[in-house]
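Below you'll find the structure, written out as structure tokens, and then a few comments.
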Amino acid sequence: MFLFHAHWLRPAATLAALALAGLSASAQTTVQDAWVRGVVAQQKATGAFMQITSARGGKLLSASSPAAGVVEIHEMAMDGNTMKMRALTEGLPLPAGKPVALKPGGYHVMLMDLKAPLKAGDTVELSLVVEGKDGKKETVPVKAAVRAMGGMGAASGAGHDHHGMHNKN
């Protein structure tokens, strides 16, 4: 018969604790309050919004989703009376420890060439690729709830196309 002694288990428990600590240390980016704006039947694009915090800093490089053929990181900004949208080809900076809001009328994840209409109550899966300041890439899985469309004005972020020009109305 083989007897276990408590001191034999301590090294194994210590190694397990270190392994778990290493796993949580590798998850440097957190995402909160993720949601996607619902669309009408013929609409082929929408935005995903969330709050992203990178513990050590870096940048959001890209995103993907099985719900869309094309997914890009975008910025909306006013140019006179016109709201313009552009893809952030160099990524979105994530300052260390500071939440970055992706919201209607500002930074957002653009879902284009939607494969099916998105309605309130659906869930959209996203994968965000974040590059840390050390150059290491992290893939962050996100499940975003689809919310009802709401208003159609520019301030709501609804109804914008993906060609870069937006009217203020």
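Under mature numbering (1 follows the signal peptide of the UniProt record, and there is no 0), the letters of the sequence shown match residues -27 to -1, 1 to 142, in that order.
Backbone N, C-alpha and C define an ideal beta-carbon position, used for all residues, glycine too.
Just how far apart, CA to CA, sit glycine 108 and threonine 2?
Rounded to whole angstroms, glycine 108 and threonine 2 show a C-alpha spacing of 14 Å.
Can you tell me whether DSSP reads glycine 105 as helix, strand or coil?
Reduced to three states, the DSSP call for glycine 105 is strand.
Since glutamate 104 and lysine 32 are thought to touch, with beta carbons under 8 Å apart, how far apart are those beta carbons, to the nearest angstrom?
Correct: roughly 6 Å between the Cβ atoms.
For methionine 122, the three-state DSSP class (helix, strand or coil)
Coil.
Beta-carbon within less than 8 Å of lysine 88's beta-carbon, same chain only, minus the 5 sequence neighbours each way: which residues are those?
So the list reads Pro39, Ala40, Ala41, Gly42, once near-sequence residues are dropped.
Serine 38, DSSP secondary structure in three states
Correct three-state label for serine 38: coil.
State buried or exposed for arginine 10, treating a residue as buried only when at least 16 other CB atoms are found within 10 Å of its CB.
So arginine 10 ends up on the buried side.
Closer than 6 Å by C-beta to alanine 14: which residues in its own chain qualify, once you throw out the five before and the five after it? Chain order, please.
Beyond the five residues adjoining it in sequence on each side, alanine 14 comes within less than 6 Å, by CB distance, of Pro90 in the same chain, given in chain order.
What does a CB cutoff of less than 8 Å around alanine -3 pick up in its chain, not counting 5 residues either side in sequence?
Legend: pLDDT at alanine -3 = 41, less than 50; position of this residue unreliable, no value from coordinates given.
Looking only at C-alpha atoms, which of Tyr80, Asp95, Gln16, Gly94 sits nearest to alanine 60?
Its Cα nearest to that of alanine 60, the residue Tyr80 stands out among Tyr80, Asp95, Gln16, Gly94.
Beta bridge counterpart(s) of lysine 116 as assigned by DSSP:
For lysine 116, which the question treats as bridged, DSSP gives the partners Glu98.
Presumed contact (8 Å Cβ cut-off) between glutamate 98 and lysine 116, rounded CB distance:
Between lysine 116 and glutamate 98 the Cβ distance is about 6 Å, and since that is below 8 Å, they are a contact.
Could you tell me which of Met122, Asp6, Gly94, Pro66 sits nearest to glycine 30, measuring between CA atoms?
Selected option, being the one with the closest Cα: Pro66.
Simplified DSSP assignment, three categories, for alanine 74:
Three-state DSSP puts alanine 74 in a strand.
Can you give the beta carbon distance from valine 73 to isoleucine 46, rounded, assuming they're within the 8 Å contact cut?
Contact doesn't hold; Cβ gap of about 11 Å is too wide.
When you compare the CB positions of leucine 84 and alanine 21, do they come within less than 8 Å of one another, or not?
Yes, Cβ-Cβ distance for leucine 84 and alanine 21 is below 8 Å.
Nearest-angstrom Cα separation, counted from alanine 50 out to methionine 58
Using only the alpha carbons, I get a separation of about 7 Å.
Whose C-alpha, out of Lys106, Thr62, Met23, is nearest the C-alpha of serine 100?
Shortest Cα-Cα distance from serine 100 to any of Lys106, Thr62, Met23 involves Met23.
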